[in-house]
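Sequence lines, in order, name chains V and P. Everything in the first sequence is counted per my numbering, starting at 45 for the first residue and increasing by one. Everything in the second sequence is counted per my numbering, starting at 45 for the first residue and increasing by one. Backbone N, C-alpha and C fix where the C-beta goes; we use that ideal spot for every residue, glycine too. Please read all numbers here as calculations on a predicted model, not as lab measurements. Step one of this worksheet: look at the structure below.
2 protein chains.
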Amino acid sequence: MLNLISDRLADFTSTERRVGEWVLKHPRQAAASTLAEVANATGVSEPSVIRFCRRLGLDGFREFSRRLTEALSQPASYLHSAVAADDTTADVVTKVLDASIQALVSTRAELPSAAIDAAVNALTGARQIVFAGLGASGHVATDACHKFFRLGIPCSALIDPPSLLQFAAIAAPGDVIVIVSTRGAWHESIDATKLARKAGAVIIAVSEPRSPLARAADIVLPCRPAEDTSLYTPMSSRLAQLAVLDTLQVTLALALGEQATDRLRATKQVISSRHRA
Amino acid sequence: MLNLISDRLADFTSTERRVGEWVLKHPRQAAASTLAEVANATGVSEPSVIRFCRRLGLDGFREFSRRLTEALSQPASYLHSAVAADDTTADVVTKVLDASIQALVSTRAELPSAAIDAAVNALTGARQIVFAGLGASGHVATDACHKFFRLGIPCSALIDPPSLLQFAAIAAPGDVIVIVSTRGAWHESIDATKLARKAGAVIIAVSEPRSPLARAADIVLPCRPAEDTSLYTPMSSRLAQLAVLDTLQVTLALALGEQATDRLRATKQVISSRHRA
DNA sequence: TTGAGCATGTAGTAAAACTACAATATATTC
DNA sequence: GAATATATTGTAGTTTTACTACATGCTCAA
Numbered sequence: 045m046l047n048l049i050s051d052r053l054a055d056f057t058s059t060e061r062r063v064g065e066w067v068l069k070h071p072r073q074a075a076a077s078t079l080a081e082v083a084n085a086t087g088v089s090e091p092s093v094i095r096f097c098r099r100l101g102l103d104g105f106r107e108f109s110r111r112l113t114e115a116l117s118q119p120a121s122y123l124h125s126a127v128a129a130d131d132t133t134a135d136v137v138t139k140v141l142d143a144s145i146q147a148l149v150s151t152r153a154e155l156p157s158a159a160i161d162a163a164v165n166a167l168t169g170a171r172q173i174v175f176a177g178l179g180a181s182g183h184v185a186t187d188a189c190h191k192f193f194r195l196g197i198p199c200s201a202l203i204d205p206p207s208l209l210q211f212a213a214i215a216a217p218g219d220v221i222v223i224v225s226t227r228g229a230w231h232e233s234i235d236a237t238k239l240a241r242k243a244g245a246v247i248i249a250v251s252e253p254r255s256p257l258a259r260a261a262d263i264v265l266p267c268r269p270a271e272d273t274s275l276y277t278p279m280s281s282r283l284a285q286l287a288v289l290d291t292l293q294v295t296l297a298l299a300l301g302e303q304a305t306d307r308l309r310a311t312k313q314v315i316s317s318r319h320r321a
Numbered sequence: 045m046l047n048l049i050s051d052r053l054a055d056f057t058s059t060e061r062r063v064g065e066w067v068l069k070h071p072r073q074a075a076a077s078t079l080a081e082v083a084n085a086t087g088v089s090e091p092s093v094i095r096f097c098r099r100l101g102l103d104g105f106r107e108f109s110r111r112l113t114e115a116l117s118q119p120a121s122y123l124h125s126a127v128a129a130d131d132t133t134a135d136v137v138t139k140v141l142d143a144s145i146q147a148l149v150s151t152r153a154e155l156p157s158a159a160i161d162a163a164v165n166a167l168t169g170a171r172q173i174v175f176a177g178l179g180a181s182g183h184v185a186t187d188a189c190h191k192f193f194r195l196g197i198p199c200s201a202l203i204d205p206p207s208l209l210q211f212a213a214i215a216a217p218g219d220v221i222v223i224v225s226t227r228g229a230w231h232e233s234i235d236a237t238k239l240a241r242k243a244g245a246v247i248i249a250v251s252e253p254r255s256p257l258a259r260a261a262d263i264v265l266p267c268r269p270a271e272d273t274s275l276y277t278p279m280s281s282r283l284a285q286l287a288v289l290d291t292l293q294v295t296l297a298l299a300l301g302e303q304a305t306d307r308l309r310a311t312k313q314v315i316s317s318r319h320r321a
């Protein structure tokens with residue numbers, strides 16, 4: 045939460061920045077304050093504080109307070125520390141898993157439910173869903189495809205630039221493209237996004253929220269990559285992306301109701317019966 | 045907080061007890077609700093809810109909300125709870141991510157470094173590494189392949205039964221097969237394991253530790269799947285498998301020394317230079 | 001310089017939390 | 001068993017808080 049604020053501080057208006065800086069400086073006080081108190085302490089008007097909250101992708105001041113309280117009561121235990129060449133195996137196990145846990149914990153704290161709702165809204169009416177990702181994100185896209193198709197929606201995965209661009213060229217209204225990209229900086233992804241959007245498709249980016257890709261997309265599901273402090277540090281962001289898409293799938297299943305759950309049940313059943321055989 | 049409530053439940057009035065029981069049953073929802081919503085959900089009047097808060101020694105409903113939110117973001121609350129059909133989006137986000145976090149936390153606790161060491165030992169001398177996985181585990185295998193090949197070892201991924209069996213038939217000493225399987229029950233995997241082992245290959249199973257596959261393998265990296273309490277609960281075990289393989293890769297990189305780290309550096313470099321372009 | 005567009009504040013509204021008090025239920029004493 | 005006292009709960013109103021609509025003023029471009 046605090047990271048989110050400090051990251052996005054740059055593209056705020058001056059009043060919003062003032063609020064953000066104050067919150068970063070007095071996080072505990074901020075969490076316990078009312079809207080009027082924050083406005084007073086920062087010397088801005090109440091609506092400006094609300095605008096600040098909305099800018100963060102939150103619903104309003106209420107949600108801001110809740111998120112901040114959550115963030116401040118989170119344990120600092122799973123902190124990221126770099127793997128060193130002389131670490132024992134037990135050290136490595138702890139460090140790598142802690143980094144991954146941390147990635148999920150911060151995702152949990154920063155994922156705005158409004159964005160999920162918007163995404164679900166787009167997906168419920170979708171004619172088809174296309175999951176796209178290049179390189180390591182390709183695996184996430186494929187995985188997601190494998191997961192969403194069980195809901196009975198036509199799904200496919202595109203994991204190389206030519207396919208992605210070709211699809212973007214023939215995209216149509218009703219198509220939803222979910223683009224997974226850790227940094228959101230590959231220009232192929234961005235080009236495809238712009239192209240497909242012009243054609244009327246909805247683009248959901250699972251990506252670093254301040255990236256060019258995020259700016260080009262309709263809906264952003266933020267997935268902050270952990271700083272790459274070390275050569276050995278693996279991409280924990282991949283886990284976060286998978287978890288975000290898990291969440292989206294479950295929410296979508298709930299939104300679709302009976303029909304989707306029946307299909308889920310059927311896909312589970314067919315597996316377990318094969319196992320017994 | 046929740047303990048406090050359940051402890052004191054006995055000396056509450058019947059209305060207060062009704063509120064307390066509901067809060068214990070739906071803690072997340074309670075933390076996100078307004079006074080009126082709680083009153084409505086429990087079928088009592090608003091002042092009664094306030095009296096309930098006061099009875100807990102709190103200032104009012106506001107403080108109750110804050111305390112509850114704090115309590116729920118403590119680490120002990122990353123407990124697995126099933127997604128229900130009437131959950132809000134925020135509930136789903138929390139539940140799904142909590143389940144995933146829980147999977148990693150328990151993996152961290154249970155992963156024996158001796159098994160990692162044994163696996164690294166086998167891998168350092170490997171002529172080639174083959175990652176195998178069927179269904180959802182196929183993605184994990186592919187992902188691992190993509191990750192390990194950067195160390196400069198020949199890697200491939202097999203994600204369908206015929207390929208797996210064919211490879212098992214021609215396996216040779218020096219080959220290491222890493223089989224990913226959530227339940228470790230597909231007989232194709234087990235057959236392939238036995239076959240390849242007879243031919244002198246080393247088999248590492250990333251799987252439920254008490255499964256038939258685990259028994260057949262040389263080395264077991266335990267990955268206990270979270271109980272599938274609900275239809276909606278996605279496979280958190282997949283995340284655990286990925287994290288275990290992350291750990292293995294980092295440990296292997298350290299064991300291989302200079303040469304491997306140079307290669308890792310090179311693969312990172314080529315990506316970041318493309319990004320800038 | 002003027003006008004479009006954006007940032008910000010003012011004033012008002014809706015809703016949330018809280019209070020005072022009345023009504024009902026429960027216990028107590030004769 | 002009746003009458004009174006006490007405790008419990010709800011109703012109706014007040015205050016506070018969060019939010020909205022709109023107006024003002026500022027910035028930048030033509």
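Tell me whether I247/P counts as near the ligand FAD, meaning its Cβ is closer than 7 Å to at least one heavy atom of that ligand. Ligands are entirely absent from the displayed structure, and the ligand FAD is therefore not among its contents.
Suppose the cutoff is 7 Å on Cβ atoms and the five residues either side in sequence are ignored; what does the same chain contact list for R171/P look like? G218, D219
Distance, Cα to Cα, I145/V vs V137/P? 16 Å
By the DSSP assignment, the alpha helix (DSSP H) with V222/P in it spans what residues? No alpha helix (DSSP H) holds V222/P; the beta strand (DSSP E) holding it covers 219-225.
Between the CA atoms of A85/P and S77/P - distance to the nearest angstrom: 10 Å
CA-to-CA distance, A159/V to T101/V, given in whole angstroms: Sequence inspection shows Gly at residue 101/V; the Thr mentioned does not correspond to that position. Rounded to the nearest angstrom, the two C-alpha atoms are 8 Å apart.
Between A75/V and the rest of its own chain, which residues show a CB-CB distance below 7 Å, the 5 nearest in sequence each way excluded? S109, L112, T113, L116
Strand pairing of Q210/P, partner residues [DSSP]: Q210/P pairs with nothing; no bridge assigned.
Got a sec: is the Cβ-Cβ distance from D103/P to anything in chain V below 8 Å? no
By the DSSP assignment, the alpha helix (DSSP H) with F175/V in it spans what residues? From DSSP, F175/V is part of no alpha helix (DSSP H) but of the beta strand (DSSP E) over 172-177.
Please report whether the beta-carbon of S157/V lies at a distance below 8 Å from any beta-carbon of chain P. yes
Give me the Cα-Cα distance between P253/P and I214/P, rounded to the nearest whole angstrom. 27 Å
Quick check: the region 189-201 of chain V against the region 298-305 of chain V, are there 3 or more CB pairs under 8 Å? yes
Should H70/P be flagged as near chain V, meaning a C-beta pair shorter than 8 Å? no
Can you tell me which residues form a DSSP beta bridge with S200/V? V174/V
6 Å Cβ shell around T59/V - same chain, five flanking residues per side excluded: V88, S92
Span of the beta strand (DSSP E) around S251/V: 246-251
Got a sec: is the Cβ-Cβ distance from L141/P to anything in chain V below 8 Å? yes
Alpha-carbon to alpha-carbon, A128/V and R62/V: 39 Å
Between A284/V and I223/P, what straight-line distance do the alpha-carbon atoms span, to the nearest angstrom? 24 Å
Bridge-paired residues (DSSP) for I263/V: I248/V
Measure the alpha-carbon distance for Q293/P versus A166/V and round it to whole angstroms. 38 Å
Count the other C-beta atoms from every protein chain shown that fall within 10 angstroms of the C-beta of V140/P, then say buried if there are 16 or more, exposed otherwise. buried
C-alpha gap between C189/P and A80/P, whole angstroms: 54 Å
Which whole-angstrom value is the C-beta distance of L209/P and A176/P, which I expect to be below 8 Å? No, L209/P and A176/P are not in contact; Cβ-Cβ is about 10 Å, not under 8 Å.
Looking at the C-beta of R110/V, does it have a partner C-beta in chain P at a distance below 8 Å? yes
Run the CB neighbour count on S50/P, radius 10 Å, all protein chains shown included, and call it buried at 16 or more, exposed below. exposed
Which listed residue (V246/P, S280/P, S255/P, A185/P) has its alpha carbon closest to that of L289/P: A185/P
Please state whether DSSP places A163/V in a helix, a strand or coil. helix
So is Q73/V buried or exposed if we call it buried at 16+ other beta carbons inside 10 Å? exposed
Using DSSP with H/G/I as helix, E/B as strand and the rest coil, what is F56/V? coil
R309/P burial status per 10 Å Cβ neighbour count (16 or more: buried): exposed
Kindly give me the distance between the Cβ atoms of A216/V and G179/V, rounded to whole angstroms, as I take these residues to be in contact under 8 Å. In fact, because the Cβ distance is near 27 Å, the residues do not count as touching under 8 Å.
Using a Cβ-Cβ distance under 8 Å, would T226/P count as near chain V? no
Would you say I145/V faces chain P, with C-beta separation under 8 Å as the test? yes
Does the beta carbon of V127/P come closer than 8 Å to any beta carbon on chain V? yes
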